[in-house]
């Protein structure tokens, strides 16, 4: 994709070079023509001077270079000539200019008849010398223009760059905006041309902000409205279980469905509570190791039920973050590892620093996640199941979405790798602090 700056610079420079090239060609052609006229006029004046000197008898003593040759003829007799002139007439006895060849050169010739003295002056000048003299004079006037083109190009580059600086500033402001920042951009005293662009961007940000606000309000309201009847339904279901056989398949299916619905509602509420404005406002120093210990203790019954081994390795690791968000992050990663790890499996949580960056690693001996699904597992409501169906593993596909959201709000990164065990996968969260 070509940049506006490159397009403008190349276009202006191309037009400038083309214009200067045409001007140089035109100037060269016109200059050579005018130089030729000046040399012809000089030859005529020289011929008149030779005629005057003939009267005084000094024509043969005229100092001259090898590039000029002359003859004086009277009554068809050669009465005077330069040392380099041949015995034959240099040109026809016709007034005016022409070209002739002798002595291995091409010469510009002039025939001049002096009526008063009744003599013909035949004068020639080497054409190559005339050409070189004229070309040198013209090129000396053209060279400064040609040499000035790089300087002009540099000036154009600087001027266009300065003119497009407001556009670069706008791009940097948009690039540095955080995903949670939907406030209008400010252009200050930028060019008027950017007002429409910034106005359109601000309008888009406002519409986007309104849409997200409506989505959050709907999610929160819907979850809160559903929470009460689901809680009441769980109570009634508990009462029914006391009166019905415990091995009733219908009752078990109903209980699983209610629990799944309750889990979805809790996750929706959690997603609402992990919005940027809810988390970023309350950051503090938190020890991940202690937080992990508390999470393991709270969910220990879950590991005990599936006879899973849970291991915590590492040292005290402090990060700057929100206690609620990091608790939710750990809960979801540990709970997710437990769900997909079979009975008697192993879960390991490692905390520490890698190149002075705090990290959290949660790995298990589950079925693992193929590489092609590593990015998709963070999408909302996406659930990857390897050899197990969604009905066998409880969940709604929001847990890892919430994890990803919390990771981004803490300026951290998350990736998935094969675990250090024979099977399973590892989630690694690295904090850029």
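Residue numbers (the numbering used here): 231 to 663. Think of the CB as a built atom: it goes at the ideal place given N, C-alpha and C, for glycine as much as any other residue. Only a predicted model underlies this, so the values are computations on that prediction, with no experimental measurement involved.
Can you have a look at residue i and say buried or exposed, based on whether 16 or more other CB atoms are within 10 angstroms of its CB?
{"i": "residue 593", "result": "buried"}
{"i": "residue 639", "result": "buried"}
{"i": "residue 244", "result": "exposed"}
{"i": "residue 362", "result": "exposed"}
{"i": "residue 652", "result": "exposed"}
{"i": "residue 621", "result": "Unreliable positioning characterises residue 621 in this predicted model, as indicated by a pLDDT of 49, which lies under 50. A coordinate reading is not provided."}
{"i": "residue 373", "result": "exposed"}
{"i": "residue 429", "result": "exposed"}
{"i": "residue 525", "result": "buried"}
{"i": "residue 596", "result": "buried"}
{"i": "residue 530", "result": "exposed"}
{"i": "residue 610", "result": "exposed"}
{"i": "residue 357", "result": "buried"}
{"i": "residue 360", "result": "buried"}
{"i": "residue 259", "result": "exposed"}
{"i": "residue 462", "result": "exposed"}
{"i": "residue 400", "result": "buried"}
{"i": "residue 237", "result": "exposed"}
{"i": "residue 286", "result": "Only weak support exists for where residue 286 lies, its pLDDT of 46 falling under 50; the value from the coordinates is given anyway. Residue 286 should be labelled exposed."}
{"i": "residue 369", "result": "exposed"}
{"i": "residue 518", "result": "buried"}
{"i": "residue 566", "result": "buried"}
{"i": "residue 233", "result": "exposed"}
Can you tell me which of the three DSSP states residue i falls into?
{"i": "residue 437", "result": "helix"}
{"i": "residue 371", "result": "helix"}
{"i": "residue 515", "result": "strand"}
{"i": "residue 357", "result": "helix"}
{"i": "residue 338", "result": "strand"}
{"i": "residue 648", "result": "strand"}
{"i": "residue 540", "result": "strand"}
{"i": "residue 637", "result": "helix"}
{"i": "residue 643", "result": "strand"}
{"i": "residue 656", "result": "strand"}
{"i": "residue 351", "result": "strand"}
Are the beta-carbon atoms of residue i and residue j separated by less than 8 Å?
{"i": "residue 599", "j": "residue 549", "result": "no"}
{"i": "residue 555", "j": "residue 581", "result": "no"}
{"i": "residue 378", "j": "residue 235", "result": "no"}
{"i": "residue 254", "j": "residue 367", "result": "no"}
{"i": "residue 568", "j": "residue 590", "result": "no"}
{"i": "residue 558", "j": "residue 636", "result": "yes"}
{"i": "residue 351", "j": "residue 277", "result": "yes"}
{"i": "residue 571", "j": "residue 654", "result": "yes"}
{"i": "residue 348", "j": "residue 317", "result": "no"}
{"i": "residue 646", "j": "residue 604", "result": "yes"}
{"i": "residue 328", "j": "residue 281", "result": "no"}
Which residues in the same chain as residue i place their Cβ atom closer than 6 Å to its Cβ, once the five residues preceding and following it in sequence are excluded?
{"i": "residue 242", "result": "386"}
{"i": "residue 299", "result": "312, 314, 315, 354"}
{"i": "residue 539", "result": "576"}
{"i": "residue 588", "result": "547, 549, 661"}
{"i": "residue 309", "result": "302"}
{"i": "residue 269", "result": "360"}
What does a CB cutoff of less than 7 Å around residue i pick up in its chain, not counting 5 residues either side in sequence?
{"i": "residue 435", "result": "412, 414"}
{"i": "residue 296", "result": "314"}
{"i": "residue 330", "result": "320, 321, 337, 339, 354"}
{"i": "residue 326", "result": "341"}
{"i": "residue 522", "result": "542, 560, 579, 581"}
{"i": "residue 563", "result": "592, 633, 657"}
{"i": "residue 617", "result": "The pLDDT assigned to residue 617 is 44, lower than 50, so where the model puts this residue is not dependable, and the model offers no usable value."}
{"i": "residue 551", "result": "513, 516, 640"}
{"i": "residue 279", "result": "none"}
Excluding the 5 residues preceding and the 5 following residue i in the sequence, name in chain order all residues of the same chain whose CB lies nearer than 8 Å to its CB.
{"i": "residue 263", "result": "none"}
{"i": "residue 246", "result": "379, 382, 383, 386"}
{"i": "residue 432", "result": "414, 415"}
{"i": "residue 335", "result": "356, 357, 358"}
{"i": "residue 466", "result": "none"}
Within the segment 251-336, ranges of the beta strand (DSSP E) (whole runs, at least 3 residues): 298-304, 307-311, 326-332
Length-filtered (4 minimum) alpha helix (DSSP H) runs lying within the segment 549-629: 553-569
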